[in-house]
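S.K.: Residue numbers (the working numbering): 595 to 1000.
Sending over a structure as structure tokens; questions will come in a sec.
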Amino acid sequence: MNRKGKGKGKGKKKKASMVKRPPWLELPEDIWGNILHRLGLKEILLIAQKVCSMWRRVCMDPSMWRVIDMSNCRDLDCIGSQELCRHVVDRSQGELVDFSMEYFVTNELLAYVVERSGKLKRLSIAFCNDRVCEGLIEVVQKLPMLEELSLTHTDITIEGIEALGRSCPRLKSFELNSIYCKEDGKDDEALAIAKNLPTLHHLRLIGNSMTKEGLQAILDGCPNLVSLDLRLCYDLTLLIALISGRFSRQIKHVKNWLNCGGVWPRGVKQKMLKASSSSSLPPPSSSLPSSPSLPLSPPPPWVELPLDITANILQRLRTIEILENAQRVCTSWWKASHDPTVWRVVDLRNDDVDAKTPRMLENMCRIAVHRSPGQLLKINIENFGSRDLLNYIAERYNRSSLNQLI
């Protein structure tokens, strides 16, 4: 009996030793690098690199971190995102060429990234307001290989644009987008771009306040321009220039409010008709040559409501509903959502927005406070916030009518 039992034990050991490795582990590491590179940053760090020793070895290779996209890390708090950012930049060991980040960027973090990424060709920063505005001047001076720079709701000074032109001779694509609809008629940014960035092939200025003069300067100063995006740019002289012959001949790919099916802002269509009737310009119902089959639809009746009535309606919505939904319905609602009276009460309690991370809520709070100059009476924040946020609020309402902070 004993001998029989021992024989069975030896057989089991022999079978165990004969178990083959899974066939997928036989793939070369370069192929696995190509496969794992398609995963998101969190999937690589939290799952993939823990599967086996080979996958971890592949995940530690600097070539895995040539492209880093941190736009899908919103569930982390600001400090956690910054620590993760430093970690993945360290793993790249100077091989980083494409980096995207949003919300959590500071001047110190940006300097950390740039000092270790001399080969960086594309940089995208979103929703950082004025937190990195001054730091961008020093940053671009250390990126001679930069070919694409994208800034969304992130400011850059005129001096920053000048430094970009001096230090980044390979720059081919520049984006300076705003989620606000500006109507101030200022050409400072457009003139700076025209003067300092002559090598541009692609330019996106969503929500810019330029006029016809700014557009003319860009056409003169950027002769290699192939595509131009001017959506949410509503200056009347600019709209007329957009349907002029020179513009349609020089720029091949155009995105603007006229040829993207946008709703006419109140009173603009009548002014355009009047301008076109007294000149050789085509009427505003015609499209640009780049999209001849896309007619403009007439605005629905509720778009013609006076701004104060629309603002009164929007006041009854929650802060999150305005920022994420209502302001995107049409141009008139976008304008009404920027009326300071809409932001007399800002309510960002977490019981209504369970799916939002603290960083997203803090950024929304800054936007709401920014839109309420002198009108904010009551603000509720719950389960999020920082000293910087409280200072941001206090600096703007130190001697104003703010009655309640919860």
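We put the CB at the ideal spot given by N, CA and C, even for glycine.
Remember, it's a predicted structure, so these values are computed and weren't measured experimentally.
Can you tell me which of the three DSSP states K636 falls into?
M.R.: One-based indexing of the sequence shown puts residue 636 at position 42. Residue state, collapsed to three classes: helix.
S.K.: Leaving aside the five residues before and after G779 along the sequence, list all residues of the same chain whose C-beta is less than 7 Å from its C-beta, in chain order.
M.R.: Counted from its first residue, the sequence shown places residue 779 at position 185. Counting only Cβ-Cβ distances below 7 Å, and skipping sequence neighbours, we find S803, T805, D829.
S.K.: Ordered along the chain, which non-local residues of its own chain (more than five positions away) have a Cβ less than 6 Å from that of R943?
M.R.: As a working mapping, residue 943 is identified with position 349 in the sequence shown. Correct list, in chain order: N974, E976.
S.K.: Runs of 4 residues minimum, wholly inside the segment 772-833: which ones carry the alpha helix (DSSP H) assignment?
M.R.: Segments of the alpha helix (DSSP H) lying fully in the segment 772-833: 782-790, 806-815.
S.K.: In three-state DSSP terms, what is L717?
M.R.: Taking the first residue of the sequence shown as 1, we reach residue 717 at position 123. Correct three-state label for L717: strand.
S.K.: Is the segment 920-931 close to the segment 952-962, with three or more CB pairs under 8 Å?
M.R.: Judged by Cβ distances under 8 Å, the segment 920-931 makes no contact with the segment 952-962, as fewer than three pairs qualify.
S.K.: For E783, does the count of other Cβ atoms within 10 angstroms reach 16, so buried, or fall short, so exposed?
M.R.: Numbered from 1 along the sequence shown, position 189 holds the residue referred to as residue 783. Classification for E783: buried.
S.K.: Excluding the five sequence neighbours on either side, which residues of its own chain have a C-beta within less than 6 Å of the C-beta of E742, listed in chain order?
M.R.: Within the sequence shown, the letter at position 148 stands for residue 742. So the list reads R716, S767, once near-sequence residues are dropped.
S.K.: So, is A988 buried or exposed, given that buried needs 16 or more other C-beta atoms within 10 angstroms?
M.R.: Working through the sequence shown from its first residue, we reach residue 988 at position 394. When all chains shown are included, A988 counts as exposed.
S.K.: My output table needs one value for I987: the three-state DSSP class, helix, strand or coil.
M.R.: Taking the sequence shown and counting its residues from 1, the one referred to as residue 987 is at position 393. Three-state result, I987: helix.
S.K.: Pairs of beta-carbons, one from the segment 756-763 and one from the segment 732-746, closer than 8 Å: are there three or more?
M.R.: Segments in contact, yes.
S.K.: So, using beta-carbon positions, are L770 and L794 closer together than 9 Å?
M.R.: Here residue 770 is taken as the residue at index 176 of the sequence shown, counted from 1. Here residue 794 is taken as the residue at index 200 of the sequence shown, counted from 1. For L770 and L794, no; Cβs fall outside 9 Å.
S.K.: Helix, strand or coil, according to DSSP, for T925 in the structure here?
M.R.: Position 331 of the sequence shown, counted from the start, is the residue given in the question as residue 925. In the structure shown, T925 sits in a helix (DSSP, three-state: H, G or I).
S.K.: Which residue wins for smallest C-alpha separation from S772, given the options C827, G729, E753?
M.R.: Mapped onto the sequence shown, residue 772 falls at position 178. Closest option to S772, Cα to Cα, is C827.
S.K.: Pick from L797, L678, S657, I800: whose alpha carbon is nearest that of V707?
M.R.: Start at 1 with the first residue of the sequence shown, and residue 707 comes out as number 113. Cα-wise, what sits closest to V707 is L678.
S.K.: Using only the alpha-carbon positions, how far apart do E956 and I907 sit?
M.R.: As a position in the sequence shown, residue 956 is number 362, starting the count at 1. As a position in the sequence shown, residue 907 is number 313, starting the count at 1. Computed Cα separation, rounded: 25 Å.
S.K.: With a 10 Å radius around its C-beta and 16 neighbouring C-beta atoms as the bar for buried, classify E696 as buried or exposed.
M.R.: Within the sequence shown, the letter at position 102 stands for residue 696. The residue in question, E696, is buried, as its Cβ has 16 or more Cβ neighbours within 10 Å.
S.K.: Can you tell me the Cα-Cα spacing of S885 and N850, whole angstroms?
M.R.: The residue given as residue 885 occupies position 291 in the sequence shown. The residue given as residue 850 occupies position 256 in the sequence shown. Caution is warranted here: a pLDDT of 37 is assigned to S885, below 50, making its placement in the model unreliable, and no coordinate value can be reported.
S.K.: Buried or exposed: where does I959 fall if 16 or more other Cβ atoms within 10 Å of its Cβ makes it buried?
M.R.: Working through the sequence shown from its first residue, we reach residue 959 at position 365. The question names Ile, yet the displayed sequence has Cys at residue 959. With 16 or more other Cβ atoms within 10 Å, it is buried.
S.K.: Between P792 and N701, what straight-line distance do the alpha-carbon atoms span, to the nearest angstrom?
M.R.: Within the sequence shown, numbered from 1, the residue matching residue 792 stands at position 198. Within the sequence shown, numbered from 1, the residue matching residue 701 stands at position 107. So the alpha carbons of these two residues sit roughly 27 Å apart.
S.K.: Please say whether D781 and R811 have beta carbons closer to each other than 9 Å?
M.R.: Walking along the sequence shown from the start, residue 811 turns up at place 217. Walking along the sequence shown from the start, residue 781 turns up at place 187. Note that residue 811 is Ala in the sequence shown here, rather than Arg. Taking 9 Å as the Cβ cut-off, A811 and D781 qualify as a contacting pair.
S.K.: Give the C-beta separation of I662 and L633 to the nearest angstrom, bearing in mind that I take them to be a contact with Cβ-Cβ under 8 Å.
M.R.: Along the sequence shown, read from residue 1 onward, the residue named residue 662 stands at position 68. Along the sequence shown, read from residue 1 onward, the residue named residue 633 stands at position 39. Between L633 and I662 the Cβ distance is about 12 Å, and since that is not below 8 Å, they are no contact.
S.K.: Keeping to the same chain, check which residues put their C-beta closer than 8 Å to that of M658; ignore five residues upstream and five downstream.
M.R.: For the purposes of this step, residue 658 is taken as residue 64 along the sequence shown, with counting starting at 1. Taken in chain order, the residues that qualify are G627, L630, H631, I638, V652, R685.
S.K.: Please confirm whether M664 and V682 have their CB atoms less than 9 Å apart.
M.R.: In the sequence shown, the residue the question calls residue 664 occupies position 70. In the sequence shown, the residue the question calls residue 682 occupies position 88. Result yes, Cβ atoms of M664 and V682 sit closer than 9 Å.
S.K.: At what residues does the alpha helix (DSSP H) containing T913 begin and finish?
M.R.: Against the sequence shown, residue 913 aligns to sequence position 319. Element bounds for T913: 913-918.
S.K.: Where DSSP assigns a beta bridge to D537, which residues make up the other side?
M.R.: Nothing in the structure corresponds to residue 537, since the chain is present only between 595 and 1000.
S.K.: For S966, count neighbouring C-beta atoms within 10 Å of its own C-beta (all shown protein chains included) and say buried if the count is 16 or more, exposed if not.
M.R.: Residue 966 sits at position 372 when you count from the first residue of the sequence shown. Buried.
S.K.: Compare the C-alpha of L799 against each of E753, G815, L745, D933 and name the closest.
M.R.: Residue mapping note: residue 799 aligns to position 205 of the sequence shown, counting from 1. Ranking E753, G815, L745, D933 by Cα distance to L799 puts L745 first.
S.K.: Using only alpha-carbon positions, find the residue among R660, H847, A786 that is nearest to L822.
M.R.: As a working mapping, residue 822 is identified with position 228 in the sequence shown. Of the candidates R660, H847, A786, the one whose C-alpha sits nearest the C-alpha of L822 is H847.
S.K.: When burial is assigned at 16 or more other CB atoms within 10 Å of the CB, is T935 buried or exposed?
M.R.: Here the question's residue 935 lines up with position 341 in the sequence shown. The residue in question, T935, is exposed, as its Cβ has fewer than 16 Cβ neighbours within 10 Å.
S.K.: Assuming H964 is part of the alpha helix (DSSP H), what are its boundary residues?
M.R.: Position 370 of the sequence shown holds residue 964. It spans 952-964 - the alpha helix (DSSP H) in which H964 sits, taken as one unbroken run.
S.K.: Based on Cα-Cα distance, which residue from P900, D941, H964, L714 lies nearest to I914?
M.R.: Translated into positions along the sequence shown, residue 914 becomes position 320. Measuring from the Cα of I914, the nearest candidate turns out to be D941.
S.K.: At the level of alpha carbons, what is the spacing between L901 and W928?
M.R.: The count along the sequence shown starts at 1 and reaches residue 901 at position 307. The count along the sequence shown starts at 1 and reaches residue 928 at position 334. One C-alpha to the other measures close to 10 Å.
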